[in-house]
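Trainee: In this note's numbering, the protein residues as written are 75 to 136.
#1: Out of curiosity, what's the CA-to-CA distance linking residue 134 and residue 106?
#2: So residue 76 packs on residue 115, CB below 8 Å; how close in whole Å?
#3: For residue 83, which of 128, 118, 89 and 126 has the nearest alpha-carbon?
#4: Got a sec? Which residues, its chain only, sit under 8 Å from residue 109 by beta carbon, not counting five neighbours each side?
#5: Hey, out of 80, 81 and 92, whose CA is closest to residue 125's CA?
#6: Is residue 118 helix, strand or coil when you go by DSSP?
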């Protein structure tokens, strides 16, 4: 999907954002096996933690 949609970034959220091992070697493995070699889309940890979905839903209701 990243190769087709060309997003500005991929933000990991929910339970994935709590797995520290994912951010070091894990991201390099994702880049190696899941991304096209010419894709440089950043993979970021969300800033709101597990509450991101709840906060987003609250903003939709505002």
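In this text, a Cβ means the ideal position worked out from N, Cα and C, and glycines have one as well. On a predicted model such as this, the values are computed, not experimentally measured, just so you know.
Mentor: Judging by the given coordinates:
#1: 36 Å
#2: Their Cβ separation, rounded to whole angstroms, is 5 Å, which keeps residue 76 and residue 115 in contact under 8 Å.
#3: 118
#4: 76, 77 and 115
#5: 92
#6: strand
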